[in-house]
Structure formats: structure tokens, C-alpha cells
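Enquirer:
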Amino acid sequence: MNIKFNFKSFEPSEHLKKYARERFEKLSKYLNESDAAELQVNLEVEKFRHIAEVILTAKDIHISATEETEDMYSTVDLSLDKIEAQLRKQRDKVKDKKKKIREKQVRMDVINFGPVESGKREPRIVATDHYEPKPMDIEEAAMQLENLNYDFLVFLNAETERVNVVYRRKNGDFGFIDPGM
């Protein structure tokens, strides 16, 4: 994580610089190394007010906090606490979202309808694609199918939270399949 400090209206001591850097480096435990996070710390003194403005930017993350006290060290600590709380909240949201997605995984079983007559060529699967259906409503799926040049579109119905299929009929209209599982 790249940390940049700006000091306004005062000359910081080496101890303050070291203290602030050590405290803010703790935030890296909440971030992936691939996020290329940047932390901008603006410290300012106005008469008896010590102000810290902290801005954290990373991939899909933009968090800021402002704190004001009568002591710069406590200002640094309180602003760090605010940023940490926001990062924890963000991390928990992502975890909950991933957990919900895992719980919603749709299980499809292959059903064997009976013996295949010998002598006939049995069809085989020649290509496999991995596709995660995106949540959308039926109208949006029909628009997607109209814009794409596909014969069908598998999607996760946002209203019913089930996998559905919209397909193009021979007459140009669209058909809709809801397996009802």
C-alpha cells in the first residue's frame, strides 16, 4: 500500500511521521496486494484544532474519513478507527454477497430417459462452456437476446431467483422457459 502524507500549517516531528505511518500500515491487512491501494493522509493544524483527512482508494474501494481533536496523535488514531470500520463493513458486505451467491447455486440433474437403441449414432458433447447466468428481469433478457445474435439466453430471473431461458422462435418472436424447480 502506498501512503502519502501532506502536512499543512505545521512542521511535523519525525516521531509523528513514524507513528502515523506505522498506524496506517495496519490497513493493509484488509486489502489484497493486487488492489494497488493508495492512502492519502492530510494533516492540518488550525489554532487549537488538529485535523486529519484520510482518503483510501483501491480497486472498487473509495473510503474517506475526517477527524478533528486537540491532539494530532489522537486525531490520527480516531481517523484510523473510522477507516478501519468502513473497511470491515466493506469486507463483510463482500463476504455476505459471495455467501448468498454460493447458496443460490442452482443444481441441475441430468435425467436418463431410457435405454438407447443400439446401431444408432449416439450424440456426444463436443464443446463445453462455463456460463454464470446474470440476474435480470424477463424484458431485459429479451432486449439482450435481441441485441446479441444468439438463439437463446440463459439468465437468473431477478424476481423469482430461478434460472430461466428466453429463446428466439422461428417467426421472430421470443419464447420463455421457466423450469419451475
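Counted from 1, the sequence shown has number 139 at position 140 by numbering that gives the first Met the number 0; the numbering is strictly sequential. Virtual Cβ for every residue (Gly too), placed ideally from N, Cα, C. Computed from a predicted model, the values in this text were never measured in an experiment.
1. Hey, L15 and L38 are a contact pair by Cβ (cut 8 Å); roughly how many whole angstroms apart?
2. By Cβ distance below 6 Å, which residues in the same chain neighbour A64 in space, the five residues on each side in sequence not counted?
3. Measure from the alpha carbon of H61 to the alpha carbon of each residue in A35, K133 and N146, then state which is nearest.
4. Going by alpha carbons, who is nearest to D2 out of E43, A19 and A126?
5. Can you tell me which of the three DSSP states R168 falls into?
6. Is it buried or exposed for L147, if we count other Cβ within 10 angstroms and need 16 for buried?
7. In chain order, what are the residue ranges of uninterrupted beta strand (DSSP E) at least 3 long that sit wholly in the segment 9-63?
8. Determine the closest residue to N31 out of V125, F47, S73 and L86, with distance taken between C-alpha atoms.
9. Assuming contact is defined by CB atoms lying nearer than 8 Å, are D150 and R161 in contact in what I supplied?
10. Which residues in the same chain have their Cβ closer than 8 Å to the Cβ of T7, if we skip the five residues on either side of it in sequence?
11. What distance in whole Å lies between the Cβ atoms of F175 and I124, which are believed to be in contact at a cut-off of 8 Å?
12. Where does H129 land, buried or exposed, given buried means 16+ other C-beta within 10 angstroms?
13. Looking at the strands, I want to know which residues DSSP matches up with P132.
14. Measure from the alpha carbon of F173 to the alpha carbon of each residue in M142, G179 and E158, then state which is nearest.
Expert: In this structure, then:
1. Not quite, the Cβ-Cβ distance comes to about 16 Å (not below 8 Å), so this is no contact.
2. Around A64: V53, S78, K81 and I82.
3. Closest option to H61, Cα to Cα, is A35.
4. At residue 2 the sequence reads Ile, which differs from the Asp that was named. Ranking E43, A19 and A126 by Cα distance to I2 puts A19 first.
5. In the structure shown, R168 falls within a coil segment according to DSSP collapsed to helix, strand and coil.
6. Exposed, since its Cβ has fewer than 16 Cβ neighbours within 10 Å.
7. List check, beta strand (DSSP E) in window: 37-45 and 48-57.
8. Closest by alpha carbon: L86.
9. Cβ atoms of D150 and R161: not closer than 8 Å.
10. Reading off the sequence, residue 7 comes out as Lys, not Thr. Counting only Cβ-Cβ distances below 8 Å, and skipping sequence neighbours, we find N41, L42, E43 and V44.
11. Incorrect: roughly 26 Å between the Cβ atoms, too far for contact.
12. With a 10 Å radius around the Cβ and a threshold of 16 neighbouring Cβ atoms, H129 comes out exposed.
13. Checking the DSSP bridge columns, you'll see P132 has no partner listed.
14. Nearest C-alpha to F173: M142.
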